[in-house]
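Q:
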């Protein structure tokens, strides 16, 4: 979910790592200060005042992830082979997901609520990252966004596999045009959107457009695509917020739409070069494990504590960030070379054989 480090794009984009980290923290605070207390997941109903009111909009951190993903994934995919893209996605996503999902499953089985035991079949289905496609419940509800990401990755992989990345401008233009037509059709006839055309994919499209602008500069086509895709993204955020408000959540749809549009500003302001920021790489790398670990494990810890909620939530948030850092330092970093070799053997080699791709020869 926009979890690729900026090294895949440029070392000049420290702000992008900070953006991803802030988005993950926003989602975490939404769960700890708003969604959790409101739904009884943290054990007590608590009023966090203005902090809770602001945290209600933290769910939009996922929207930010999707914009970042569109930007980084397309930018880094240009010039890559299909097998290289598939390997890079597997290295970045699967093993860390398996570790964090396993920790969450253990926590739920030991201290979770009755009726939410994670059995073997459910656990194995979750290892796919898309358990609902296999008829099983996710170990953590936040995994829904991973399925959306994987659909987008699949589309990029197909473009690479067919050797059509040189036509990416035309493909993006057609996609944005179809997104607009689908949105109009939904408004007129309430039709369910087909894959790649739901309300979240306009966020990916906006990110993809920004990636092309960064690569080739502004031109009338890309400017038009950015206006349309960002408008659709804001409209989608408005529609989702309106549904949430109708369910009784204290959010204003116009504010939600504005937040999505404001998210685009750093991309425009720092399109070529941004400020150098401290610890940007670490901030970016802990984003993924933080997103995966914080929700249900955080709820479990919050239910066990019996302190004032205003003390519990910051403490558990800090512990979640520490846990994410430990996963990065103790697992991701030491095993990266091994995971890359394994992914190349299990994924890269079959893709090369299937597509008859010749591996790049080392220089020298």
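Residue numbers (this note's numbering): 4 to 367.
Idealized CB from N, CA, C, for every residue including glycine.
#1: For the structure I just gave you, are there three or more beta carbon pairs, one from the region 294 to 305 and one from the region 245 to 264, closer than 8 Å?
#2: Could you spell out where the alpha helix (DSSP H) holding residue 168 opens and where it closes?
#3: Check for me: the alpha helix (DSSP H) holding residue 307 runs from which residue to which?
#4: Measuring straight from C-alpha to C-alpha, what distance separates residue 125 and residue 284?
#5: Can residue 52 and residue 45 be called in contact, C-beta distance under 8 Å?
#6: Grouping DSSP H, G and I as helix and E and B as strand, with all else coil, what is residue 17?
#7: Since residue 206 and residue 236 should fall inside the 8 Å C-beta cutoff, what is the C-beta to C-beta distance between them, to a whole number of angstroms?
#8: Taking C-alpha atoms, which residue in 195, 119, 72 lies nearest to residue 151?
#9: Leaving out five residues on either side along the sequence, give the residues of the same chain with a beta carbon under 6 Å from the beta carbon of residue 247.
#10: Smallest Cα separation from residue 149: which of 308, 225, 294, 330?
#11: Please list the segments of the alpha helix (DSSP H) lying wholly inside the region 189 to 226, counting only runs of 4 or more residues, in order along the chain.
#12: Is residue 366 helix, strand or coil when you go by DSSP?
#13: Using a 10 Å radius around the Cβ and a threshold of 16 neighbouring Cβ atoms, would you call residue 265 buried or exposed?
#14: Since residue 92 is in the alpha helix (DSSP H), which residue starts that stretch and which ends it?
#15: Could you name the residues of the same chain whose beta carbon sits closer than 8 Å to that of residue 159, not counting the 5 residues immediately before and after it, in chain order?
#16: Sorted by chain position, which residues of the same chain lie with C-beta nearer than 8 Å to residue 282's C-beta, five sequence neighbours on each side aside?
#17: Comparing C-alpha positions only, which one of 232, 199, 196 sits nearest to residue 209?
A: According to the structure data:
#1: no
#2: Here residue 168 refers to the residue found at position 165 of the chain shown. Segment: none, residue 168 is in no alpha helix (DSSP H) and carries neither H nor E.
#3: Numbered from its first residue, the chain shown carries residue 307 at position 304. Counting along the chain, the alpha helix (DSSP H) containing residue 307 begins and ends at 290 to 307.
#4: Within the chain shown, the letter at position 122 stands for residue 125. Within the chain shown, the letter at position 281 stands for residue 284. About 34 Å.
#5: As a working note, residue 52 is residue 49 in the chain shown. As a working note, residue 45 is residue 42 in the chain shown. Between residue 52 and residue 45, the C-beta gap is not smaller than 8 Å, which leaves the two residues out of contact.
#6: Sequence index remark: in the chain shown, residue 17 carries index 14 (1-based). Reduced to three states, the DSSP call for residue 17 is helix.
#7: Here residue 206 corresponds to residue number 203 of the chain shown, with the count starting at 1. Here residue 236 corresponds to residue number 233 of the chain shown, with the count starting at 1. Residue 206 to residue 236, Cβ: 5 Å. Contact.
#8: Here residue 151 corresponds to residue number 148 of the chain shown, with the count starting at 1. Put simply, of 195, 119, 72 the residue whose alpha carbon is nearest the alpha carbon of residue 151 is 72.
#9: Here residue 247 refers to the residue found at position 244 of the chain shown. Answer for residue 247: 254, listed in chain order.
#10: Residue mapping note: residue 149 aligns to position 146 of the chain shown, counting from 1. Looking at the Cα atoms, 294 is the closest of the given residues.
#11: 204 to 219
#12: Here residue 366 corresponds to residue number 363 of the chain shown, with the count starting at 1. Low confidence applies here, because residue 366 scores a pLDDT of 47, under 50, leaving its location unreliable; read the following figure in that light. Here DSSP, grouped into helix, strand and coil, assigns residue 366 to coil.
#13: As a first step, residue 265 must be located in the chain shown, where it is residue number 262. Residue 265 should be labelled exposed.
#14: Position 89 of the chain shown, counted from the start, is the residue given in the question as residue 92. Where residue 92 is concerned, the enclosing alpha helix (DSSP H) stretches over 85 to 114.
#15: The sequence position of residue 159 within the chain shown is 156, counting from 1. The residues are 76, 77, 80, 88.
#16: Position 279 of the chain shown, counting from 1, holds the residue named residue 282. The answer is none, since no qualifying residue turns up.
#17: Indexing the chain shown from 1 puts residue 209 at position 206. Ranking the options by Cα distance to residue 209, first place goes to 232.
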